[in-house]
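Heads up, the sequence shown is in the UniProt record's numbering, so the first residue is 1 and it goes up one at a time.
In what follows, a single structure is set out as structure tokens and then discussed.
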Amino acid sequence: MNNPHQNARTTRLGRAEMIRRIIEDGLPVCEVARGFGVSERTARKWLARYKAEGPSGLNNRSSRPRTVANRTAEYWFGAIEMLRREYRLTAEEIAGKLQLARSTVAAWLTRRGLGRLAALEPKEPPVRYQRQHPGELIHLDIKKLARFARVGHRITGDRRNPSTGAGYDCFHVAIDDATRLAYVEVLPDETRRSTTAFLVRALRWFKARGIRVERVMRDNGSGYVARLFRKALRLLGIRHIRTRPYTPKTNGKAERFIQTLLREWAYAIPFSSSDARAADLPRWLTWYNQQRPHSSLGRRTPAQALAGTT
Numbered sequence: 001m002n003n004p005h006q007n008a009r010t011t012r013l014g015r016a017e018m019i020r021r022i023i024e025d026g027l028p029v030c031e032v033a034r035g036f037g038v039s040e041r042t043a044r045k046w047l048a049r050y051k052a053e054g055p056s057g058l059n060n061r062s063s064r065p066r067t068v069a070n071r072t073a074e075y076w077f078g079a080i081e082m083l084r085r086e087y088r089l090t091a092e093e094i095a096g097k098l099q100l101a102r103s104t105v106a107a108w109l110t111r112r113g114l115g116r117l118a119a120l121e122p123k124e125p126p127v128r129y130q131r132q133h134p135g136e137l138i139h140l141d142i143k144k145l146a147r148f149a150r151v152g153h154r155i156t157g158d159r160r161n162p163s164t165g166a167g168y169d170c171f172h173v174a175i176d177d178a179t180r181l182a183y184v185e186v187l188p189d190e191t192r193r194s195t196t197a198f199l200v201r202a203l204r205w206f207k208a209r210g211i212r213v214e215r216v217m218r219d220n221g222s223g224y225v226a227r228l229f230r231k232a233l234r235l236l237g238i239r240h241i242r243t244r245p246y247t248p249k250t251n252g253k254a255e256r257f258i259q260t261l262l263r264e265w266a267y268a269i270p271f272s273s274s275d276a277r278a279a280d281l282p283r284w285l286t287w288y289n290q291q292r293p294h295s296s297l298g299r300r301t302p303a304q305a306l307a308g309t310t
């Protein structure tokens, strides 16, 4: 501790000389303090330490505080967590039992992810399924992407000159659960007529590949819940399954396909315009269905899964 403190005005030798002048030479404390460039109070502090402890009293001391204000001892944390997990007590109840500030308990629970009682419940394992036969289940979904007349900031990284809004393209998606074979169209809207017409064309496309659709799963979008869409399913003899409201993961295969479409195509290629993007969709879709392997299919492509080859 003999290295001078980073903010100290004197060293240990300087303090010793200051004390010598006060005690041995009998000089006034205020005069000696001025000579060493410190306050009289500081000089008297070192004089008092020297008288109480001798030469060792002139050594540097740690500036670390003896106690840290508003800091909860570590051993309280285990008690807080136990009361929260085992007895489901609120932050206010825990604070009352342990005689701690409610804000301290609440802040600690939030940091540990225990702020909500729902976080204490064990998470249900994800339910993954895959239909065995093509056409058993087709997932339907719609993704809206903005129209544009030039390359956007996602590609250039330049947000200074954003393109003006030009509406949206609606990507209507149909994907087979068993094979991941996908059919996509770019339409101007997601109305009941567009949605129903897309359904008919998608069924025709799957039929041309030997797939007879038995069920479709869709979310609760306005086009899907319309009477026209439901009537079309009924006339075609297709059972429809609704996803749980506000739960996109229920229709997970369509959601994952859309993320792949965005990541590997829509946001990956610097299209000059949304029209150029739409024109390139058939090429990418052919590559996706015939050349892109899927880990969930044992590294086979959707076309290989449909043909039953490896």
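C-beta atoms are modelled at their ideal positions from N, C-alpha and C, and glycine is treated no differently.
Check	Outcome
Within this structure, are the beta carbons of F171 and K143 separated by less than 8 Å?	yes
Assuming F206 is part of the alpha helix (DSSP H), what are its boundary residues?	192 to 208
When we look at the beta-carbon of L47 and count the other beta-carbons within 10 Å, is it buried (16 or more) or exposed?	buried
Taking A119 as the reference, which of G135, P282, R85, R131 has the closest Cα?	R85
Report all residues from its chain with a CB closer than 8 Å to the CB of K253; omit the five preceding and five following residues, and keep chain order.	H139, I175, D177, R180
Please say whether A43 and A52 have beta carbons closer to each other than 8 Å?	no
Can you tell me where the alpha helix (DSSP H) with R131 in it begins and where it stops?	Taken as a continuous stretch (DSSP letters only), R131 belongs to no alpha helix (DSSP H), as it is neither H nor E.
Distance, Cα to Cα, N251 vs M217?	7 Å
I'd like to check one pair, Y183 with A202: are the Cβ atoms closer than 8 Å?	yes
Within its chain, find whatever has a CB closer than 8 Å to the CB of L297; leave out the 5 residues flanking it on each side and keep chain order.	T179, R180, Q304, A305
If you compare alpha carbons, which of W287, W265, T90, R116 is closest to A278?	W265
Here's the rule: buried if 16 or more other CB atoms are within 10 angstroms of the residue's CB, otherwise exposed. What is T310?	The pLDDT assigned to T310 is 44, lower than 50, so where the model puts this residue is not dependable; a value taken from the coordinates is nonetheless given after this. Burial call: exposed.
Kindly give me the distance between the Cβ atoms of G210 and E190, rounded to whole angstroms, as I take these residues to be in contact under 8 Å.	No, G210 and E190 are not in contact; Cβ-Cβ is about 29 Å, not under 8 Å.
On a Cα-Cα basis, can you pick out the residue from S62, L98, R88, R61 that is closest to F77?	L98
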